Each structure stands twice: as C-alpha cells, then as structure tokens.
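Chemist:
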Amino acid sequence: DGLLKEKSARDAQKQASGGKLSWQALTCRELETVQRALIARFRQPSLRQQLLRKQAACSGDALKYLFCAEPIVDAGEAEVFHELGLLEDLGASALRAAQQKFLRAVMEFWCEGEVRALARRLDEATGSSQVREGR
C-alpha cells in the first residue's frame with residue numbers, strides 16, 4: 148500500500164511538472180534514461196574529440212585530466228540535466244547540486260545491474276576510466 152502511494156505521488160509530481168523528470172521522484176528507469184542521455188552527449192564526435200585532446204595533453208596525469216576535462220563534462224551534464232527538466236538554473240552552484248543528486252541517485256540504484264553498466268559506460272565516455280587505468 149505504501150509503494151502505491153509513493154508511485155501515485157511520483158506520478159502526480161510528474162504531471163504537475165509537465166512530464167519532466169524530478170530528482171525527488173526519480174525512478175530507476177528514469178535514472179537509466181538520464182545515464183543514456185549523458186553517454187550519448189559525451190559520445191558526440193565534437194565532445195569526444197575535446198576530451199581526447201585533453202587526455203593527450205595531460206599525459207596520463209589523472210588529476211590534471213580531471214581538472215582539464217571538468218568544464219567540458221560540466222557543460223555536457225548541464226545541457227542534459229536542463230533538457231530533462233532536472234536543472235532549471237544553469238549557474239555553477241545549481242549544477243553542483245544537480246551533480247550531487249545524480250550521484251546519490253546512482254548510489255541509490257547501484258544494486259541494479261543496468262545502472263552499474265551504464266555508470267561504467269559513462270565513465271568510459273568521459274575518458275575518466277582510461278585515466279584511472281593509465282591508458
């Protein structure tokens with residue numbers, strides 16, 4: 148009975164927001180949608196090339212790469228979160244809050260195999276997995 152009430156509350160919130168996603172009512176499937184959208188964004192040729200150039204310039208220095216790639220990753224995440232209705236204000240503090248909510252959602256649904264698989268693919272798409280592995 149409690150799960151039904153929770154689902155009804157989520158459905159009502161989605162209708163009120165015009166069908167856009169909400170961090171407060173995000174389901175596992177919706178999180179997967181967000182992850183797929185982020186992966187698609189970072190696999191776009193222009194973004195991929197930017198990230199590869201940063202990676203090459205950092206010569207395997209993981210910390211340097213993460214700092215160099217951060218503006219590119221932030222811009223990509225901001226665009227996707229905004230398109231999905233998860234980010235209204237495009238300011239830096241609002242983006243940081245959205246990124247924290249995204250990570251909390253990933254951790255909440257981490258036991259789901261698809262969420263874990265998509266998290267690995269997103270890591271690969273941003274290039275951070277290659278840096279950690281020293282590629």
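Residues in the sequence shown are numbered from 148 upward in steps of one, following my numbering. Glycine included, C-beta positions come from ideal geometry on N, C-alpha and C. Just so you know, these numbers come straight off a predicted model, no measurement behind them.
1. Return helix, strand or coil for Cys205, following the three-state DSSP convention.
2. Assuming Leu185 contacts Gly232 (C-beta within less than 8 Å), just tell me the rounded distance between them.
3. Hey, is the stretch 243-260 in contact with the stretch 208-219, meaning 3+ C-beta pairs nearer than 8 Å?
4. Do the stretch 188-199 and the stretch 263-275 meet, that is, are 3 or more Cβ pairs less than 8 Å apart?
5. Please classify Glu235 as buried or exposed, where buried requires at least 16 other C-beta atoms within 10 Å of its C-beta.
6. Can you tell me which of the three DSSP states Phe256 falls into?
7. Give the straight-line distance between the Cα atoms of Gln162 and Gln182, rounded to the nearest whole angstrom.
8. Are the CB atoms of Val253 and Leu178 nearer to each other than 8 Å?
9. Excluding the five sequence neighbours on either side, which residues of its own chain have a C-beta within less than 8 Å of the C-beta of Lys201, listed in chain order?
Modeler: Here's the rundown:
1. Reduced to three states, the DSSP call for Cys205 is coil.
2. So it is not a contact: roughly 15 Å between Cβ atoms.
3. By the criterion of at least three beta-carbon pairs nearer than 8 Å, the stretch 243-260 is not in contact with the stretch 208-219.
4. Short answer: they touch.
5. Classification of Glu235: exposed, given that the 10 Å Cβ count is below 16.
6. Coil.
7. The predicted model places Gln162 with a pLDDT of 47, which falls under 50 and marks its position as unreliable, so this point remains unresolved.
8. Yes, the Cβ-Cβ distance between Val253 and Leu178 is below 8 Å.
9. Taken in chain order, the residues that qualify are Tyr212, Cys215, Ala216, Ile219 and Gly274.
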